[in-house]
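In my numbering, the protein residues as written are 47 to 235. Note that beta-carbon positions come from the ideal geometry of N, C-alpha and C, so glycine has one too. Structure, as structure tokens:
Structure below.
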């Protein structure tokens, strides 16, 4: 249930992001680098546009957002916002079903920003993408175990333990397990 809530929150966050850059901004990004302020402004503009207008060429605008977010991290890798920009980019990639790029971006964060506060979540999300979007249970387990081993007291370690218990179970098996647990809890009350 918590994983569904987390996925919902991440999806809502990603839908709140937006791309609506004008052609002149696009040309500038493709030809000459934008300043930090221009990139931040462009990111905000795209996020607002996607939020207001989610149905109009969403995938193309979301791809543009991911590109500008990544460009920011590439141009300013030491900036405190760089890992957050990459994290947002990875979540945009999940939304537009570009799972390989999402995983690659999450891995980049874990490798280059290993002390960042959201690294446990980043590693967990890598496992989540492997499990739910790429159907690679072995890789999912590997990342869930990394969370447990490296961040044993973190809330995402708890989530990873639950995820490992449920790996490979069908929806029906999970529902039966959930109903049995609720029934047992109701009897205990």
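Counting of Cβ neighbours within 10 angstroms places residue 172 among the buried residues, the total reaching 16 or more. Closest in C-alpha terms to residue 183, from the list 147, 213, 194 and 167, comes 213. For the options 164, 161, 147 and 156, the alpha carbon positioned closest to that of residue 179 is the one of 147. Judged by their CB atoms, residue 164 and residue 135 are not nearer to each other than the 7 Å cut-off. The straight-line gap separating the alpha-carbon atoms of residue 118 and residue 78 is approximately 13 Å. Taken through DSSP and simplified to helix, strand or coil, residue 176 comes out as helix. In the DSSP assignment, residue 212 falls within the unbroken alpha helix (DSSP H) covering 201 to 212. In the structure shown, the three-state DSSP call for residue 183 is helix.
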